[in-house]
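Working notes, structure below.
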Amino acid sequence: MNARAPKGTTDMLPATARAWEYLTRTAQEMFARYGYEPVYTPLFEHTEVFTRGIGEATDIVSKEMYTFEDRSGRSLTLRPEGTASVVRSALEHTLVPQGSSIKLYYAGPMFRYERPQKGRMRQFWQIGIEILGAAEPSADAEVIVALWRFYEAVGIPASNMRLLVNSMGDEACRPAYREKVAGYIRSRAGDLCGECNRRADTNPLRAFDCKNPACAGVMAEAPLLRDELCEPCAAHYAEVKTRLDELGIPYTEEPKLVRGLDYYTRTVFEVQADAGLGSQNAIGGGGRYDRLMEAYGGKPTPGLGFALGFERTLLAMEAAGAEVPAPLLAEVYVARVDATVAGEAFAVASALRDAGVAAELDHVGRSLKSQFKQADKLGARLVVIVGPDELAAGEVTLRDMGTKEETRVALADVAGAVRRLLG
RNA sequence: GUGGGUGUAGCUCAGUUGGUUAGAGCGCCGGACUGUGGCUCCGGAGGUCGCGGGUUCGAGUCCCGUUACCCACCCCA
27 MNARAPKGTT DMLPATARAW EYLTRTAQEM FARYGYEPVY TPLFEHTEVF TRGIGEATDI
87 VSKEMYTFED RSGRSLTLRP EGTASVVRSA LEHTLVPQGS SIKLYYAGPM FRYERPQKGR
147 MRQFWQIGIE ILGAAEPSAD AEVIVALWRF YEAVGIPASN MRLLVNSMGD EACRPAYREK
207 VAGYIRSRAG DLCGECNRRA DTNPLRAFDC KNPACAGVMA EAPLLRDELC EPCAAHYAEV
267 KTRLDELGIP YTEEPKLVRG LDYYTRTVFE VQADAGLGSQ NAIGGGGRYD RLMEAYGGKP
327 TPGLGFALGF ERTLLAMEAA GAEVPAPLLA EVYVARVDAT VAGEAFAVAS ALRDAGVAAE
387 LDHVGRSLKS QFKQADKLGA RLVVIVGPDE LAAGEVTLRD MGTKEETRVA LADVAGAVRR
447 LLG
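Here is the structure:
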């Protein structure tokens, strides 16, 4: 059989899994302080949740989804992102009654059928937060600040990151702007690539993202939404920036920042890392999606949030030299002199564990010498030596690996003695 | 979907102009007088040289195909 994990997936071995748990734990602790509660939605949804939420014409929906029929013929899709599911769940359970709001966070794997490369996997992990029911600019600022602070908390210095912000307008001003850009594209059709010409009809704003140098040059002269925002959108955007300014969060306005998901309105943002990443340098991003709930048939409910990628965040952390705390696997190593005392040794290790001490012992029949090597490698501060001689007196030997001092203690008091020595 | 690069022990890699039993470091296991660690020394286990063809007296070394991984385009977290 093929023992490899499928393309674009990877096993998270202990070193990585530890980092995953660290990121999750940090998010739990931090987002709790911001008032967010956990939510777990299914890893797959009715396909419609994503086609209607993210948009039929987006790359994610049109060519990157893992869609399949179950045995009853339903069309299901492995979630390519988290927001659509959370909003669908909020609608199903009426989590946002009129006039209220709710704050949620999630963490888990997402799935997109893409060509893997640095910082891009087919199964990748995200942590995200969402606020539903909040329309005020302070909510936008809160989400952005939470994202920024999270990166700082896990050891990525501000000097290694760039925060980009923009406003995409709303239904009052964006349609007109879209047409204006589409018109601009058609007027410069000869100077733009084929893909961009098609975008005039499908998603003109994406032309701003085109990597083609010629297109970039042409689009640099295109009309900017910043100059076309309706008054409410302009005021909202201005206040978001004021909130960020007041906290000293360093951001850059990027008028060409466009998100690839159709549901975004008004505020959008992205954090890019300068070090450790390849060309996929966006380690987190998000924005406001005030019309998404309606797209699902719910009442108008403003919403916003962000998602950050585990894999990319970890790459940025490594580049910054950020350390993931390592757990203490063995404060004490229980060594047995020979097989005749295996039972007693096991009982001692169990008693230590019951007493809250990290204790390890051998299960493969190593020599006593080898057990000491193990103890040393694991960083055990103490070794409990269980041998026939000691047991004859109802005792065991305790060795301090630092000072090499050995003392005999009563078998019945091992846990107590160990705890006193460990301080 | 397109392009480039790389595939030799668990890991990181050497392998001369194709030539006898494929190497190193690290890791792992064991030992250096009898129940004891970190250093050092000695020994050992471990390899279908990605896979399949071809050229050749002979290929890890050359050619073709294929596959996997990596990176980039694209897109996004």
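First residue of the first sequence? That's 27 in the numbering used here, and the numbers climb one at a time after it. The beta carbon of each residue, even a glycine, is placed where N, CA and C say it ideally should be.
Range of the contiguous beta strand (DSSP E) that encloses residue i
{"i": "S193", "result": "M187 to S193"}
{"i": "Y92", "result": "Y92 to E95"}
{"i": "T451", "result": "Nothing about residue 451 can be read from this structure; the chain reaches only from 27 to 449."}
{"i": "I128", "result": "I128 to F137"}
{"i": "Q152", "result": "Q149 to L158"}
{"i": "I182", "result": "Taken as a continuous stretch (DSSP letters only), I182 belongs to no beta strand (DSSP E), as it is neither H nor E."}
{"i": "V422", "result": "E421 to D426"}
{"i": "A233", "result": "A233 -> no beta strand (DSSP E), and no H or E assigned at all."}
{"i": "R434", "result": "E432 to A436"}
Beta-carbon proximity check, residue i vs residue j, cutoff 7 Å
{"i": "A306", "j": "G108", "result": "Per the sequence shown, the amino acid found at residue 306 is Gln instead of Ala. No, the pair does not count as a contact, with Cβ atoms beyond the cut-off."}
{"i": "I309", "j": "A299", "result": "yes"}
{"i": "C256", "j": "S193", "result": "no"}
{"i": "S101", "j": "T73", "result": "yes"}
{"i": "Y289", "j": "I155", "result": "no"}
{"i": "V383", "j": "E416", "result": "no"}
{"i": "E421", "j": "R407", "result": "no"}
{"i": "V363", "j": "A375", "result": "no"}
{"i": "D166", "j": "V294", "result": "no"}
{"i": "Y277", "j": "L189", "result": "yes"}
{"i": "L378", "j": "A419", "result": "no"}
{"i": "R159", "j": "V122", "result": "First, the amino acid is wrong: residue 159 is Gly here, not Arg. Yes, these two residues count as a Cβ contact at 7 Å."}
{"i": "D196", "j": "T84", "result": "no"}
{"i": "A443", "j": "N186", "result": "no"}
{"i": "F150", "j": "E337", "result": "yes"}
{"i": "W46", "j": "M56", "result": "no"}
{"i": "V169", "j": "F398", "result": "no"}
{"i": "V191", "j": "D217", "result": "no"}
Supposed close pair residue i, residue j - CB separation, criterion 8 Å
{"i": "L251", "j": "P281", "result": "7 Å"}
{"i": "V65", "j": "S115", "result": "7 Å"}
{"i": "V297", "j": "L173", "result": "6 Å"}
{"i": "C219", "j": "I211", "result": "Actually they are not in contact, since the Cβ atoms of C219 and I211 sit about 11 Å apart, beyond 8 Å."}
{"i": "G313", "j": "L340", "result": "About 24 Å; that fails the 8 Å criterion."}
{"i": "R44", "j": "V350", "result": "6 Å"}
Where the alpha helix (DSSP H) through residue i begins and ends
{"i": "S88", "result": "D85 to K89"}
{"i": "L394", "result": "L394 to L404"}
{"i": "I211", "result": "R200 to S213"}
{"i": "T268", "result": "E257 to L273"}
{"i": "V412", "result": "No alpha helix (DSSP H) contains V412, which is instead part of the beta strand (DSSP E) from L408 to V412."}
{"i": "V444", "result": "V440 to L448"}
Residue i Cβ short of 6 Å to the ligand HEM heavy atom set
{"i": "N223", "result": "With respect to small molecules bound, the structure shown includes none, and the ligand HEM cannot be examined in it."}
Check: Residue ranges of each beta strand (DSSP E) run of no fewer than 3 residues wholly in the segment 308-392, ordered along the chain?
Finding: 308-314, 329-335, 358-362 and 385-387
Next item on the list: Could you say if the segment 132-140 and the segment 81-98 meet the contact criterion of at least three C-beta pairs nearer than 8 Å?
Entry: yes
Check: Hey, which unbroken runs of the beta strand (DSSP E) at 3 residues or more fall wholly within the segment 33-120?
Finding: 70-72, 92-95 and 101-104
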